[in-house]
Every structure is written in C-alpha cells, then in structure tokens.
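Quick notes on the structure that follows.
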Amino acid sequence: MNDEAYMRVAIATAQEGIATGQTPFGACLVQADRVIACAHNVVWASLDITAHAEVQTIRNACAALKTIDLSGCVLYSTCEPCPMCFSAAHWARLARIVYGAEIADARRVGFHELTISNLALKQLGESPVELTGGLLREECLALFDAWDKRPDKRIY
12 MNDEAYMRVA IATAQEGIAT GQTPFGACLV QADRVIACAH NVVWASLDIT
62 AHAEVQTIRN ACAALKTIDL SGCVLYSTCE PCPMCFSAAH WARLARIVYG
112 AEIADARRVG FHELTISNLA LKQLGESPVE LTGGLLREEC LALFDAWDKR
162 PDKRIY
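Converting from the sequence shown to my numbering requires adding 11 to each position, the first position being numbered 1.
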C-alpha cells in the first residue's frame, strides 16, 4: 500500500467516529506496510481530553506490539497533530507523521487548538520525526464539513 491508501484508512476511521457522535479526527499507524492500529477521537465518549485519535492509535499500537518503542512506524492522521499528539509521536520514536488538514483548519471550525505547527515543534525540539503534510487535504477537510452538519456535534 502507499501513503494515500493508508490515509484513506485514517479517513474511514474518522468517518466512523463522526457517525457515532465523535469529532472529525482519525489516525492509523503502520509498521512495515502493515496496519497495526487505527482509532478515531473519543474525547466525548471517554470524557478524556487526551483521547485524541493519534494518542489512541499510539496507545493501541503499543499494546498490540507490546512495546513503547514504535521506531520505524508511520502515523497517518487526518489532521496535523496537536502539540500533545506530536509529542506522543516523538516519545514513541515514530519515523514519520503524514497528515491531511492543518491545525489551523481545526481551529477555523471552532476547536480550541494551539497554533503551533508540527514543523515548529520538530525544529524547536530537534525531533527526528519526518513530516509530510497536505496528503488528501480536501478529503480530510470534508470530514469537518460532514461533522459540522451533525445536529449533535460538540466542540472541545
């Protein structure tokens, strides 16, 4: 599979979350061309403000692989990870983060985001995590539109 195929898995995961009343974020973690874990944001379902899609995916991958060292793995996220999620990816030693929409896009639809880009975090923290942004951006932005149309949508 390629980056687009894995991002589409993350998009489908976000769509599952939207359908259950969660927010429009999904992620997928891949190791050696094999999907290890996927998750959507479950902040409202769990009442855990740290239950972002990326953190949930990293937690699930660590459990599946029985390690906290995810060296060589790639995280696909429908939106640029927030500073907390980027830090989790760094601490897990991920090789790369691939994302679609940007933090600014989430902020534009009302999410309480810190507008610190992954590139800035990478540079300030001297992180080796590689970044690829803007993959399937329009499809990822469409998740915000789908979520915005739901009468039960909730912001945090």
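Note that CB positions come from ideal geometry on N, CA and C, so glycine has one too. No experiment lies behind these values; they were computed from the predicted model shown.
Enclosing beta strand (DSSP E) for residue i [first to last residue]
{"i": "residue 88", "result": "85-90"}
{"i": "residue 47", "result": "45-51"}
{"i": "residue 108", "result": "107-112"}
Beta-carbon separation (whole angstroms), residue i vs residue j, contact threshold 8 Å
{"i": "residue 140", "j": "residue 100", "result": "6 Å"}
{"i": "residue 15", "j": "residue 147", "result": "6 Å"}
Extent of the continuous alpha helix (DSSP H) to which residue i belongs
{"i": "residue 20", "result": "14-30"}
{"i": "residue 151", "result": "148-159"}
{"i": "residue 65", "result": "64-76"}
{"i": "residue 98", "result": "94-102"}
Per DSSP, cross-strand counterpart(s) of residue i
{"i": "residue 42", "result": "45"}
{"i": "residue 143", "result": "109"}
{"i": "residue 37", "result": "51"}
Between the stretch 112-127 and the stretch 84-93, do three or more beta carbon pairs fall short of 8 Å? yes
Inter-stretch contact (C-beta, 8 Å, three-pair minimum) for the stretch 130-144 and the stretch 154-167: In short, these stretches do not touch, since the Cβ pair count stays below three.
Between the stretch 53-73 and the stretch 25-36, are three or more C-beta pairs nearer than 8 Å? yes
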